[in-house]
Amino acid sequence: MKDEITQEPLEESILIEFLLNESMEEFREEFMQLHPYDQSIFFEKVEPDVRMKIYHYLSPKEIAELFEATKFDGEQYDLFMQEMDITYAADMLSFMFTDNAVDVLNELGKDKVASYLNIMDKESAKEIKDLLHYEEYTAGSIMTTEYVVIPENSTCRSAMTILRSAAPEAETIYYLFVVDDDHKLSGVISLRDLIIADEDTLIKDIMNDRVVSVLVSVDQEEVARMIKDYDFLAVPVVDFKNHLLGIVTVDDILDVLDEEASDDYSKLAGVSNMDTFDKGPLQAARKRLPWLIILLFLGMLTANLMSIFEQTLDKVALLAVFIPLIAGMAGNSGTQALAVAVRGIATGDIEEESKTKLLFREAGTGLITGLICGLLVVGVVFFWKHDLLIGILVGSSIFGSIFVATLGGSFIPLLMHRMKIDPAVASGPFITTVNDVVSILIYLGLATLFISSL
Numbered sequence: 024m025k026d027e028i029t030q031e032p033l034e035e036s037i038l039i040e041f042l043l044n045e046s047m048e049e050f051r052e053e054f055m056q057l058h059p060y061d062q063s064i065f066f067e068k069v070e071p072d073v074r075m076k077i078y079h080y081l082s083p084k085e086i087a088e089l090f091e092a093t094k095f096d097g098e099q100y101d102l103f104m105q106e107m108d109i110t111y112a113a114d115m116l117s118f119m120f121t122d123n124a125v126d127v128l129n130e131l132g133k134d135k136v137a138s139y140l141n142i143m144d145k146e147s148a149k150e151i152k153d154l155l156h157y158e159e160y161t162a163g164s165i166m167t168t169e170y171v172v173i174p175e176n177s178t179c180r181s182a183m184t185i186l187r188s189a190a191p192e193a194e195t196i197y198y199l200f201v202v203d204d205d206h207k208l209s210g211v212i213s214l215r216d217l218i219i220a221d222e223d224t225l226i227k228d229i230m231n232d233r234v235v236s237v238l239v240s241v242d243q244e245e246v247a248r249m250i251k252d253y254d255f256l257a258v259p260v261v262d263f264k265n266h267l268l269g270i271v272t273v274d275d276i277l278d279v280l281d282e283e284a285s286d287d288y289s290k291l292a293g294v295s296n297m298d299t300f301d302k303g304p305l306q307a308a309r310k311r312l313p314w315l316i317i318l319l320f321l322g323m324l325t326a327n328l329m330s331i332f333e334q335t336l337d338k339v340a341l342l343a344v345f346i347p348l349i350a351g352m353a354g355n356s357g358t359q360a361l362a363v364a365v366r367g368i369a370t371g372d373i374e375e376e377s378k379t380k381l382l383f384r385e386a387g388t389g390l391i392t393g394l395i396c397g398l399l400v401v402g403v404v405f406f407w408k409h410d411l412l413i414g415i416l417v418g419s420s421i422f423g424s425i426f427v428a429t430l431g432g433s434f435i436p437l438l439m440h441r442m443k444i445d446p447a448v449a450s451g452p453f454i455t456t457v458n459d460v461v462s463i464l465i466y467l468g469l470a471t472l473f474i475s476s477l
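Our numbering numbers the first residue of the sequence shown as 24 and each following residue consecutively.
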């Protein structure tokens with residue numbers, strides 16, 4: 024076990040030593056034995072002066088493989104591209120799969136993108152330009168144009184010839200996409216079916232013509248759901264006339280799922296861009312302040328409510344003891360309902376016809392959990408403070424608060440989704456603060472109503 028723990032740092036130190044000693048052959052021999060992902064981790068860790076030597080020792084094609092093995096953040100892409108000679112960087116981009124090159128360029132300024140495209144070979148530049156025109160976060164923005172296309176009137180023998188020729192540049196060869204004379208998608212055939220078929224068989228006779236495809240304008244989350252539901256390795260992307268434009272592969276979808284999950288989690292926490300580390304306290308504060316200011320004013324509303332019911336609290340000071348309990352229970356139940364609703368929307372489990380069903384289910388859940396918690400609190404308060412009326416008041420308030428918070432926690436994201444607003448912005452802190460206001464209003468409202476009996 025000790026050898027396993029020390030192996031990685033030892034390997035890194037050897038590589039750095041080779042670089043600092045300008046031992047190019049030894050460095051290349053050791054470095055090229057690493058998996059491209061491990062190469063990218065080493066590349067990311069080292070200091071800029073060390074990376075400058077790596078650029079001298081590796082070709083643009085080798086750096087391209089390293090870049091494709093992992094996903095750096097936007098600031099890192101910008102930094103690495105600035106470190107490289109502009110011609111070297113342009114060559115590297117031309118060796119990358121088109122969709123991956125577009126991912127890099129999307130993190131750079133327009134002037135820099137234009138500079139790289141002007142230097143690149145015309146064919147690579149044209150393919151990248153075509154993808155850059157598509158709106159971000161759509162199927163078009165994440166698709167690749169490196170795939171194998173077979174004419175439907177080809178024989179299996181000629182299809183194998185096409186495959187051998189296109190395979191070195193294709194991102195995947197496990198699916199071969201079949202088109203007609205107008206380049207419209209007409210079918211798909213797996214590599215396995217092609218291999219076992221008779222050489223003289225026409226492709227159109229053995230292809231699967233029930234092709235599942237996506238429009239180029241479809242949101243990337245929808246593409247991710249489709250690949251997940253159908254268990255595809257790739258899905259074709261078409262325009263409104265069914266012309267084949269590209270494919271989205273499963274490795275790109277894994278990046279999409281990670282990106283969307285990070286984004287939703289960030290919004291639920293009331294912050295943005297949590298997938299990258301902040302460079303300093305000023306940047307972190309700038310990202311968090313908007314939500315904190317909104318929550319501050321909502322908190323002031325809670326304080327104002329307390330002042331409205333000041334006379335009630337003065338008459339029965341014991342009521343103040345239970346305010347944190349009631350507000351906390353409402354916030355917890357609301358956040359639970361929010362998480363269920365947001366996840367259902369994000370995964371596509373909640374369809375139009377099941378939204379009402381979800382609301383009724385959450386309402387029933389709120390009634391049951393609120394009733395049980397309320398009865399428990401009545402008993403606890405009675406044995407603790409020996410005051411049945413206070414116990415009933417607190418228990419009733421918890422019952423009402425949990426019911427309203429659970430219903431609100433599921434209704435608010437559904438409403439936002441219908442209004443075309445990202446439901447994840449109904450964040451945990453926001454729901455919790457709103458439920459604080461509602462629960463205090465219910466609690467102190469009931470207390471004021473029955474003040475004469477307390």
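Every residue, glycine too, gets a C-beta built ideally from N, C-alpha and C.
query: By the DSSP assignment, the beta strand (DSSP E) with S213 in it spans what residues?; result: 208 to 213
query: Could you give the DSSP three-state label for A162: helix, strand or coil?; result: helix
query: My assumption, with CB atoms under 8 Å, is that E130 sits in contact with G163. Please give the rounded CB distance.; result: In fact, because the Cβ distance is near 18 Å, the residues do not count as touching under 8 Å.
query: Would you call D122 buried or exposed, if buried means 16 or more other Cβ atoms sit within 10 Å of its Cβ?; result: buried
query: Per DSSP, what are the beta-bridge partners of T272 in this structure?; result: A257
query: How is D153 classed by DSSP in three states: helix, strand or coil?; result: helix
query: Just checking my contact of M119 with I270 at CB under 8 Å: how many whole Å lie between their CB atoms?; result: Their Cβ separation, rounded to whole angstroms, is 16 Å, which puts M119 and I270 out of contact at 8 Å.
query: May I ask which residues mark the beginning and end of the alpha helix (DSSP H) holding V417?; result: 411 to 441
query: Under a Cβ-count criterion, where at least 16 other Cβ atoms within 10 Å of its own Cβ denotes burial, should F300 be classed as buried or exposed?; result: Confidence at F300 is low in this model, with a pLDDT of 49, below 50, so its placement is unreliable and the value that follows should be read with caution. Classification of F300: exposed, given that the 10 Å Cβ count is below 16.
query: Beta-carbon separation of L469 and S420 under 8 Å?; result: yes
query: So which of N327, V339, V401, L81 has the shortest CA-CA distance to F473?; result: V339
query: Taking its Cβ as the centre, do 16 or more other Cβ atoms sit within 10 Å of K378, making it buried, or is it exposed?; result: buried
query: Are the segment 247 to 258 and the segment 141 to 152 in contact at 8 Å, needing three or more beta carbon pairs?; result: no
query: Could you name the residues that DSSP lists as bridge partners for N265?; result: Per DSSP, none; premise fails for N265.
query: Would S209 and D232 qualify as a contact pair, given that the criterion is a beta-carbon distance under 8 Å?; result: yes
query: Buried or exposed for G397, going by 16 or more other Cβ atoms inside 10 Å?; result: buried
query: Taking 8 Å as the limit between beta carbons, can you name the residues of its chain near G414, skipping five residues before and five after?; result: V400, V401, G402, V403, V404, F405, K408
query: With contact counted as at least three CB pairs below 8 Å, one residue from each stretch, are the segment 61 to 78 and the segment 100 to 111 in contact?; result: yes
query: Between the Cα of K380 and those of V69, L437, L318, A326, spot the shortest distance and give me the residue it belongs to.; result: L437
query: What residues are listed by DSSP as bridge partners for L225?; result: T178
query: Let me know the secondary structure DSSP gives V339 once reduced to three states.; result: coil
query: Taking buried to mean at least 16 other C-beta atoms within 10 Å of its own C-beta, is I151 buried or exposed?; result: buried
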